[in-house]
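Taking it in order: structure first as structure tokens, then the write-up.
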Amino acid sequence: MSNAWIIARKEIKSYFASPIAYLLMAFFGLIFGFGFFTATRDFVRFSFQSQMMGRGMPMNVNEQVIRPLLGFASTVALFLIPMITMRLFAEEKRTGTIELLMTSPVRDWEIILGKWIASFWLYVCILAMSAINIGLLFAFGKPDWKPVLVGYLGLLLQGGCLLAIGSFISTTTRNQIIAGGVTFFVCLLLWLLSWFTAFDTAATSQVVNYLSIVTHFENFSKGVLDVKDVVFYLSMIFFGLFITSRSMESLRWRS
Amino acid sequence: MIKVEGLTKRYARTIAVDNISFEVEKGQIVGFLGPNGAGKTTTMRVLTCFLPPTAGTAQVAGFDVLEQPIEVKRRIGYLPETPPVYPEMEVQEYLTFVGRLRGIPSSDIARRVREVSERCAIADVPTKLIGKLSKGYRQRVGLAQAIIHNPDVLILDEPTSGLDPKQIIETRELIRSLAGDHTIILSTHILSEVEHSCERVIIISHGKLVAIDSVANLTNRLRGSEAVSIEIESDGLSQADVQQRLEQVSGVSRVVPKEARDGSFIFEVESLQGRHIRADLARAVVGAGWNLSELRPVGLSLEDIFLQLTAAEKEEPVAAVHGGAQ
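Going line by line, the protein sequences match chains A and B.
The number in our numbering is simply the position in the first sequence, starting from 1, with 1151 added.
The number in our numbering is simply the position in the second sequence, starting from 1, with 116 added.
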């Protein structure tokens, strides 16, 4: 376990030694800020309008600003995750440093866990950029904090599971571009699955729908913490890391 | 210290290593010699637990590479062909990382890093990015990485490839200085390297073991069949006649006409195993009434031996030669 931590620390340093971490954080901060600006502007406009009309519709910051924003963040994350995971193993395979890790007295799962923790930490840092905006809402209004927390938990879980899948794909190639491209495609596919099945109730569609990561995120963004969804994400993370370790193992046998 | 038995490694289509067995005693430096693609790197990768063997066993310090890989890895320092360094890390940072990974207690790490930095002559660049170092420095960082946990066995894959002559000499000296405390296997396709730094040689070619012996024995054994260059004045003689006469001398296995210069013939005469033919040759030439102008032994260099062994291997695959000092 301490070995995983050693590797995680080294990976985190590598992320922040190159521009990639800062780029991703800036990119996400910018896009989220833009989304935040539009959402709050519209919210303010609507609340004025409803007051002028005298209808006095109940306005809710949680429902009308935070929830769509978190959904937006989860979509943006789909684009960022391939850029986080693509180098994890592909780079080491290309430069041959994987030989250093695999001939050190460290178990495969410790390497994988360490790398996953590092990528997750970067993901957390990226998400933290959105806290500035959400913080503003808390400074000038009184949103309910519990759904926000649940929403963030959902973002973390969804990200963790995509990162696990991304690291698996990174072990299959020594080319970062391919690793990134395929991961992006898979993320997109998992996202689209929910579209295909939106109005269908056949059994297969139900299964496909269940596999879509977006379906499970919806509950979180509503502020609903369902054990079913948590279990889904945790088992996906475990599954992703498991196939990563299988892939590392086959690397030894095929070479 | 190292025991390999019937080791075979097969890739999808090719056999990289074919039924190799050898043993290495504690504290020895062994040169692993062979042309490119002979299976040197594959054998080393099996010993370092990077690749599992297809068949056969390999043991390091009594631990099997398949059954107790972690124990084996603890006792091995490995420098692959390209030093496994992270260009974005600083030298000291990198060595600390590797040291931690190899299980050095954190109270000792700083001391060990300092020690190996001095030993590998990289103490002057502790905070430089590895990516900005020259090839020679990077190679030495690779070597420092391999010895940081003071392993029993050091496995070095072509440690001097791509270095300039001065760096090669320095690296060789460094390796020799490590010999006392560590058992070292180093692979190379440069023969002089083996002559310089190794006690024993393992020659492999096309995945098969061709010879295993001490450097001195190997050279002697092949010198056992003597090669002699002989020059005879040619006035009024035909080359064929002279050759025929030389072939009749007892103990001669082969006579190769080398040159027919103005006024003399030069032949290279090879003896049968263990026969000394110079005296007989001289007597035969003088007895025939010819003028002998030169007679000198031609030593077989390790290069010749190597070529001879690896070429023979190609022609007749069963001709594996095992030396006495096993």
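Every residue, glycine too, gets a C-beta built ideally from N, C-alpha and C.
- prompt: For a contact meaning CB atoms closer than 8 angstroms, what does S1165 (chain A) contact in chain B?
  reply: Y202, E204, M205
Rounded separation between P200 (chain B) and E375 (chain B) - CA only: 52 angstroms
query: How would you call Q1357 (chain A), buried or exposed, if buried means at least 16 neighbouring beta carbons within 10 angstroms?
result: Looking at its Cβ environment, which holds fewer than 16 other Cβ atoms inside 10 Å, Q1357 (chain A) is exposed.
message: Can you check whether the C-beta of I192 (chain B) is within less than 8 angstroms of a C-beta belonging to chain A?
response: Between I192 (chain B) and chain A, the shortest Cβ-Cβ separation is below 8 angstroms.
message: Just to make sure I have the definition right: I need the residues of chain A whose C-beta is within less than 7 angstroms of the C-beta of K189 (chain B). Which are they?
response: Contact of K189 (chain B) with chain A by beta-carbon distance below 7 angstroms involves T1254, S1255, P1256.
message: Can you pull out the residues from the region 1237–1248 of chain A whose beta carbon lies closer than 8 angstroms to at least one beta carbon of chain B?
response: T1246, G1247, T1248
- prompt: Which stretch, first to last residue, makes up the beta strand (DSSP E) that contains A376 (chain B)?
  reply: Per DSSP, the unbroken beta strand (DSSP E) holding A376 (chain B) starts and ends at 368–377.
Pairwise C-alpha distance: Q144 (chain B) and S137 (chain B): 17 angstroms
message: C1338 (chain A) and L1313 (chain A) - do their beta-carbons sit closer together than 8 angstroms?
response: yes
field: Beta-carbon proximity check, T287 (chain B) vs Q261 (chain B), cutoff 8 angstroms
entry: no
query: By Cβ distance below 6 angstroms, which residues in the same chain neighbour D1259 (chain A) in space, the five residues on each side in sequence not counted?
result: Once the five neighbours on either side are set aside, the close Cβ partners of D1259 (chain A) are S1396, M1399.
message: Between which two residues does the alpha helix (DSSP H) holding Y127 (chain B) run?
response: Element bounds for Y127 (chain B): n/a, residue is neither H nor E.
query: Roughly how many angstroms lie between the CA atoms of G403 (chain B) and L307 (chain B), to the nearest whole one?
result: 42 angstroms
Contiguous beta strand (DSSP E) assignments of at least 3 residues, all confined to the region 1223–1282 of chain A: none
message: Taking 8 angstroms as the threshold (beta carbon to beta carbon), is G219 (chain B) in contact with chain A?
response: yes
- prompt: With C-beta atoms as the reference, is E1243 (chain A) less than 8 angstroms away from L1252 (chain A)?
  reply: yes
Alpha-carbon spacing of E1162 (chain A) relative to V1299 (chain A), whole angstroms: Their backbone Cα atoms lie some 30 angstroms apart in a straight line.
- request: Give the interface partners of F179 (chain B) over in chain A, defined as CB-CB distance under 8 angstroms, in chain order.
  value: Ordered by position in chain A, no residue passes the 8 angstroms Cβ test against F179 (chain B), which lies about 11 angstroms from the chain.
Where the alpha helix (DSSP H) containing I319 (chain B) begins and where it ends: Note, I319 (chain B): premise wrong, no alpha helix (DSSP H); beta strand (DSSP E) at 316–321.
task: Say whether chain B places a C-beta atom closer than 8 angstroms to the C-beta of A1168 (chain A).
output: Yes, A1168 (chain A) counts as interfacial toward chain B.
- prompt: Residues bridged to A1353 (chain A) by DSSP?
  reply: Beta-bridge annotation (DSSP): A1353 (chain A) is not paired with any residue.
message: By the DSSP assignment, the beta strand (DSSP E) with E274 (chain B) in it spans what residues?
response: Membership of E274 (chain B) in any beta strand (DSSP E) is not indicated, and neither H nor E is assigned to it by DSSP.
CB contact check: C314 (chain B) to chain A, cutoff 8 angstroms: Not an interface residue.
message: Measuring alpha carbon to alpha carbon, tell me which residue in A:I1217, A:A1155, A:F1347 is nearest L1288 (chain A).
response: A:I1217
- prompt: Buried or exposed: where does Y127 (chain B) fall if 16 or more other Cβ atoms within 10 Å of its Cβ makes it buried?
  reply: exposed
task: Would you mind reading off the limits of the alpha helix (DSSP H) that contains Y194 (chain B)?
output: Where Y194 (chain B) is concerned, there is no enclosing alpha helix (DSSP H), although the beta strand (DSSP E) it sits in stretches over 192–195.
query: In angstroms, rounded to a whole number, what distance separates the CA positions of S303 (chain B) and L1343 (chain A)?
result: 53 angstroms
query: Can you name, in chain order, every residue of its own chain whose Cβ lies under 6 angstroms from the Cβ of D1351 (chain A), other than the five neighbours on each side?
result: none
- request: Can you have a look at E429 (chain B) and say buried or exposed, based on whether 16 or more other CB atoms are within 10 angstroms of its CB?
  value: Its pLDDT being 49, under 50, E429 (chain B) is placed unreliably in this model, and the value from its coordinates should be taken loosely. Buried, since its Cβ has 16 or more Cβ neighbours within 10 Å.
- prompt: When the distance is taken between beta carbons, is L195 (chain B) closer than 8 angstroms to L82 (chain B)?
  reply: Residue 82 (chain B) lies beyond the residue range present for chain B, which begins at 117 and ends at 442; the question has no answer from this structure.
message: Would S345 (chain B) and V401 (chain B) qualify as a contact pair, given that the criterion is a beta-carbon distance under 8 angstroms?
response: no
message: Can you check whether the C-beta of R1403 (chain A) is within less than 8 angstroms of a C-beta belonging to chain B?
response: yes
task: Using a cut-off of 9 angstroms between C-beta atoms, extract the partners of I1157 (chain A) located in chain B.
output: Under the 9 angstroms cutoff, chain B gives F213, R216, L217.
- prompt: How many angstroms separate the CA atom of V434 (chain B) from the CA atom of G323 (chain B)?
  reply: Only weak support is given to the placement of V434 (chain B): the predicted model assigns it a pLDDT of 42, under 50, and the question is left unresolved by the model.
message: Cβ closer than 8 angstroms: which chain A residues qualify as neighbours of F383 (chain B)?
response: Residues of chain A passing the Cβ test: none, with the nearest at roughly 51 angstroms.
- prompt: So, is Q442 (chain B) buried or exposed, given that buried needs 16 or more other C-beta atoms within 10 angstroms?
  reply: The predicted position of Q442 (chain B) is uncertain, since its pLDDT is 34 and thus under 50; a value taken from the coordinates is nonetheless stated next. Result: exposed.
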